[in-house]
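Note sheet for the following structure.
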Amino acid sequence: MPRPNVNITLGNGNMGRSAATDDGVAAMVLTGAAVDSKLELNKHYQLSGTADLIKMGISAENNPLVYKEVTAFYEQAGDGAELHLLVVAPATTLTQMCDSTAGSPLRKLIDAASGRVRLAGVNRIAPEEYEADVTQGIDGDAITAAEKAQAVIESYASGKVNPFRLLMPAPAFDADSESLFKPREASYNAVCFVLASDDETGHTAAIGRVLGRAASLSVHQSIGRVKSGSIGTKMWLTNGTSYTEADGMADMLHDAGYIIPLGYPRRNGAYLNGDPAAAPVTDDYAQLRYGRTIDKARIIVYDTLIGEILDNVESGSDGTLSEGQCASYEMMLDNAVLTQMNGEIDAFAATVPAGQNVLSSETITVVCQIQPKGVVETFEVTLEFTNPAVKSE
């Protein structure tokens, strides 16, 4: 018989805490030039601020695109934001960057970042000898690259549980094209086409700037959110037309599904029109914010359930999953998602259907439903006078 004592066993796992996710980790593949002993082509670099440009020997003179994009990214995201960078040769096309084959620049960068990237962008300055195919109103290379990028993104999301979204430039815009490519008629819901430019001379797309804005916001917020401030004081389309001069095309380009700069009366600077993805409006992920929301939830659900793999479960007298076990999984998922996505969704519910014969199948089906946050795009206001002395009939 042991001597009298008080024995205390510490419990664990009851606080409902979960590991934080890295929603704003970004990456870019850009064309540029090597810098002796400082910057190598096709090599992964992790940046945390514009000071890293100096360390890498990158300047506006020797690498104008890289300098512009990284600087613009940190103008929006702020120093300290995590950015992964891969610089490739000037002749590299957007399609080659996003190729689905192993070792392509996009795959190489995502792999090097060890699954942390949630937002990516690609951009290039085309060599002088390059001739863009603008049959569809923008360089056809971007359209082909979007198809490739979608395949890459889907493979990482399903196979490696590493979902991310990508910003694609819409270069060489031809406003007179009669057969303009319309992202809203495409099927690349993980890709957004950026027609906005922050480059007065070269008219390159504002990939770094838009990427930085997205990285600075919560997953449920639109990059066009007016409360977040203007995206820039001087903005253009990729054909060099300023956003003020392009106002007459804004509705058409918005409906087509491009990310464009636009102005609001009594507001200074340019704002983005929203966050359309290259998919029909009937697609659940037709907006970047919805894609980012589901990506975050996907990771949380996976991280929550992976620890339960090959663990024993309770079954009832009929051999099916017990009610208590079903409730345990549901509570586990509810706590994880609602804790980590507090303020980013309106509701979440996990359901483990009853009657599952886990003894035979060793498989448990779970249904998770998210009610996302709504976004106001338009106010319809009736403003009128009233006279209390006049009685309405």
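Numbering-wise (the working numbering), the sequence shown opens with residue 641 and increments by one.
The beta-carbon is built from N, C-alpha and C at its ideal position, and this holds for glycine as well.
Nothing here was measured: the structure is a model prediction, and the numbers come from that model.
Item: Spatially closest choice to Pro-905 from Leu-928, Thr-884, Leu-893, Ala-752, by CA coordinates; Value: Thr-884
Item: Whole-number beta carbon distance between Met-981 and Lys-936, since they are thought to touch under 8 Å; Value: 6 Å
Item: In DSSP terms, what Gly-872 is bridged to; Value: Ala-910
Item: Through-space distance from Phe-1019 to Lys-1031, alpha-carbon basis; Value: 29 Å
Item: Status (buried if at least 16 other CB within 10 Å, exposed otherwise) for Asp-951; Value: exposed
Item: Length at least 3, wholly inside the stretch 746-792: the beta strand (DSSP E) runs in chain order; Value: 759-763
Item: Length of the line joining the Cα atoms of Ile-847 and Glu-963; Value: 50 Å
Item: Which residues DSSP lists as bridging Ile-899, in chain order; Value: Val-834
Item: Contact under 7 Å by Cβ, Leu-726 with Pro-745; Value: yes
Item: Residue closest to Gly-718, alpha-carbon to alpha-carbon, out of Glu-1024, Val-850, Lys-822, Gly-888; Value: Val-850
Item: Nearest residue (CA-CA) to Ser-955, options Ser-817, Val-998, Thr-741; Value: Val-998
Item: Status (buried if at least 16 other CB within 10 Å, exposed otherwise) for Leu-749; Value: buried
Item: Contact belief for Gln-996 with Thr-944 at Cβ below 8 Å, rounded distance in angstroms; Value: At roughly 18 Å, the Cβ-Cβ gap does not stay under 8 Å, so Gln-996 and Thr-944 are not in contact.
Item: In chain order, each alpha helix (DSSP H) run of at least 4 residues that lies wholly inside the stretch 707-744; Value: 734-737
Item: Ile-863 versus Asn-1027: straight-line alpha-carbon distance, rounded; Value: 42 Å
Item: 6 Å CB neighbourhood of Leu-893 in its chain, flanking five on each side removed; Value: Ile-900
Item: Cβ-Cβ distance between Ala-731 and Leu-681 below 7 Å; Value: no
Item: Anticipated Cβ contact below 8 Å, Thr-775 with Ser-827, distance rounded; Value: Not confirmed; about 20 Å, so no contact.
Item: Reference Gln-686, options Tyr-714, Lys-695, Leu-723, Gly-1014, closest by Cα; Value: Leu-723
Item: Beta-ladder partner(s) of Ile-985, from DSSP; Value: Pro-1012
Item: Three-state secondary structure assigned by DSSP to Thr-933; Value: helix
Item: CB of Asp-662 within 7 Å of CB of Arg-756, strictly; Value: yes
Item: Cβ-based neighbour list, Gly-697, same chain, cut-off 7 Å, excluding 5 preceding and 5 following; Value: Val-675, Lys-678, Leu-679
Item: Straight-line gap, Leu-807 to Gly-761 (C-alpha atoms, nearest Å); Value: 5 Å
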